Amino acid sequence: MDSRTASEAPSTTRRTKVLVLAAVAVTLLLWASAFVAIRHLGRDVPPGALSLGRLLVASVALGVLVFRRPRTWPGRRDWPLLLLCGVGWFGVYNLALNEAERRIDAGTSALIVQIGPIIVALLATVFLGERMHRWLLLGMAVGFAGVVVIARGFSSGESGDMVGVWLAVLAAITYAVGVLAQKPLLGRLPGPEVTWIACIIGAVVCLPWSGELVTVVRDSDASTLWWIAYLGIFPTAIAFSTWAFVLARSDAGTLTLTTFLVPFIATLIAWALLSEVPPPLTFVGGALCIAGVLLTRRRPRPKVGGASG
């Protein structure tokens, strides 16, 4: 019995690794495709209507996942963080990103949103008491220099405008706020419940655009409605679920680095489906953004020796 158990253990470990890799691939592909779908729909669907439609579909899809098993509901102390996460990450983020992608291409939007981890690190020093160190300062400087380079590329080209760049930065900021709000919640509540409730809150934020959504549903063709449903089901409900599956079985720090592939996947999909390529300076600025995030993840070496008191 012991020998059989020992022989089954490597097989189970191998199967888990394969499932994790598959879940990572699915998550990155779906998240990248979201930027392209938003860019495609931005020509016909207003940002508010698109945000509300996506979040309503996602709320239903996530609700099915939540109510299929025993649920854990938030306590009174959880609601301020849930509101912050829902309003910031699911509400304002979607509105800002959707408007940004009416102005700039999908690949550039995805690259700018990648500065989110830098903003998370900065906010953590303010609100969570984490220490500001030289690598964090250097990483922030390099990352935001990348945004400036991207903005410069758009200010001198014809493929977009700087308003779109700064709206994408706003999306990155609200993403960072949402991540910080979500972090303590996930220590007390299951991920599906947190995501579902935050999604509903985001939909409530977007209710002022319900009239626009009714018009879109009434006047749009089936293809447009399908793409709105796609955004709600696949990059939102399914991708967040596969990401939670991966986080539960992998190192979060190492795993986060894989999200750097999202802008490049988004650029390839946009090139194939929409025939658009970011301005040349975007690639330079994007490289600086990613380098900045990597620098913020470095930690100073602990001091050896020295006085103790």
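With the first letter of the sequence shown counted as 1, position 210 gets the number 210 in the UniProt record's numbering; the numbers rise by one all the way through. No residue lacks a Cβ here, since even glycine has one placed at the ideal position from N, Cα and C. What you are looking at is a predicted structure, and each value in this text was computed from that prediction instead of being measured.
Asked                                                                                                                                                                     : Found
D105: buried (16+ other C-beta within 10 angstroms of its C-beta) or exposed?                                                                                             : buried
Whole angstroms is fine: what's the gap from L41's alpha carbon to C85's?                                                                                                 : 25 angstroms
Mind the definition here: the segment 230-238 touches the segment 266-281 only if three or more C-beta pairs lie below 8 angstroms; say whether that holds.               : no
Is the beta carbon of residue 311 sitting closer than 8 angstroms to the one on A266?                                                                                     : An answer regarding residue 311 cannot be provided, because it is not within the stretch 1 to 309 covered by the chain.
Take M162 as the anchor and find which of C206, G88, V142, R103 has the nearest alpha-carbon.                                                                             : R103
Please report the distance separating the alpha-carbon of residue 310 from that of R76.                                                                                   : Residue 310 is absent from the structure shown; the chain starts at 1 and stops at 309.
Please state the DSSP three-state secondary structure of P235.                                                                                                            : helix
Buried or exposed: which applies to S223, given that a residue is buried once 16 or more other Cβ atoms fall within 10 Å of its Cβ?                                       : exposed
Tell me where the alpha helix (DSSP H) around G116 begins and ends.                                                                                                       : 116-127
CB V169 to CB Q182, shorter than 8 angstroms?                                                                                                                             : no
If you check the beta carbons only, do N225 and V217 fall under 8 angstroms apart?                                                                                        : A quick correction: the sequence has Leu, not Asn, at residue 225. Going by C-beta atoms, L225 is nearer than 8 angstroms to V217.
By how many angstroms is the C-alpha of A58 removed from the C-alpha of I201?                                                                                             : 12 angstroms
So what does DSSP say about residue 346, is it helix, strand or coil?                                                                                                     : Because the chain spans 1 through 309 in this model, residue 346 falls outside it and cannot be assessed.
Output the distance between the C-alpha atoms of G285 and E101, rounded to the nearest integer angstrom.                                                                  : 18 angstroms
By Cβ distance, which residues of its chain are closer than 8 angstroms to A54, with the 5 residues on each side in sequence left out?                                    : The question names Ala, but residue 54 is Arg in the sequence shown. For R54, where only same-chain residues beyond five positions count, the Cβ hits under 8 angstroms are N94, I228, L231, G232, T236.
For S159, I'd like the list of residues in its chain whose CB is within less than 8 angstroms of its CB, leaving aside the five on either flank, ordered along the chain. : In this prediction, S159 has a pLDDT of 47, which is less than 50 and means its spatial position is unreliable; nothing more can be read from the coordinates.
Can you name, in chain order, every residue of its own chain whose Cβ lies under 8 angstroms from the Cβ of S210, other than the five neighbours on each side?            : L52
Could you pull out every unbroken beta strand (DSSP E) segment of at least 3 residues lying fully inside the UniProt domain "EamA" (23-151), listed in chain order?       : none
Does DSSP classify G187 as helix, strand or coil?                                                                                                                         : coil
By how many angstroms is the C-alpha of L294 removed from the C-alpha of G178?                                                                                            : 21 angstroms
Alpha carbon to alpha carbon, how far is L81 from G88?                                                                                                                    : 10 angstroms
Since L180 and L137 are thought to touch, with beta carbons under 8 angstroms apart, how far apart are those beta carbons, to the nearest angstrom?                       : Their Cβ separation, rounded to whole angstroms, is 19 angstroms, which puts L180 and L137 out of contact at 8 angstroms.
How about V205 and G91: do their beta carbons lie closer than 8 angstroms?                                                                                                : yes
Quick check on D161: does DSSP put it in helix, strand or coil?                                                                                                           : coil
Expressed to the nearest angstrom, what Euclidean distance is found between the alpha-carbon atoms of A61 and C199?                                                       : 11 angstroms
Just reading off the alpha helix (DSSP H) that R218 is part of, what are its end residues?                                                                                : 210-219
What do you reckon, are the CB atoms on L207 and E99 nearer than 8 angstroms?                                                                                             : no
For S220, which option in P70, D44, A23 has the closest C-alpha, if you only look at C-alpha atoms?                                                                       : D44
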